[in-house]
């Protein structure tokens, strides 16, 4: 989750395919899968890459967030307002999951 233009889709594509994408069309919604080994077990990550959720009605946003098992909050090092916006995304995830204990990663992008 993160503000528009921080590189969420490029980050996901690079993780899934090990390829850096210079230019990318803005995302409406894409789903990616990647098999990884974690703690000696093979698991499949399913990553839903969506457009920014701010414009989404709160019922749809909350449904989406409740279904997540973890979150990646991405901000751009070139857009410092995007770092401040992370608090709102984290708060939305906490409210939707009804728990202060949500698993997440904070990622600064566009180095």
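Residue numbers (my numbering): 591 to 701. No residue lacks a Cβ here, since even glycine has one placed at the ideal position from N, Cα and C.
Anticipated Cβ contact below 8 Å, residue i with residue j, distance rounded
i, j, result
"residue 700", "residue 673", "At roughly 12 Å, the Cβ-Cβ gap does not stay under 8 Å, so residue 700 and residue 673 are not in contact."
"residue 592", "residue 665", "6 Å"
"residue 656", "residue 623", "At roughly 21 Å, the Cβ-Cβ gap does not stay under 8 Å, so residue 656 and residue 623 are not in contact."
"residue 635", "residue 626", "6 Å"
Residue i - containing beta strand (DSSP E), residue span
i, result
"residue 671", "Element bounds for residue 671: not the beta strand (DSSP E) but the alpha helix (DSSP H), 670-687."
"residue 694", "694-699"
Bridge partners - residue i, DSSP secondary structure assignment
i, result
"residue 620", "639"
"residue 628", "631"
"residue 665", "698"
Residue i to residue j span [Cα, whole Å]
i, j, result
"residue 685", "residue 696", "18 Å"
"residue 611", "residue 598", "12 Å"
"residue 620", "residue 606", "12 Å"
"residue 614", "residue 608", "15 Å"
"residue 637", "residue 660", "10 Å"
"residue 698", "residue 662", "10 Å"
"residue 651", "residue 680", "13 Å"
"residue 629", "residue 639", "25 Å"
Enclosing alpha helix (DSSP H) for residue i [first to last residue]
i, result
"residue 602", "598-607"
When the options are compared against residue i, the one with the closest alpha-carbon
i, options, result
"residue 682", "630, 601, 653", "653"
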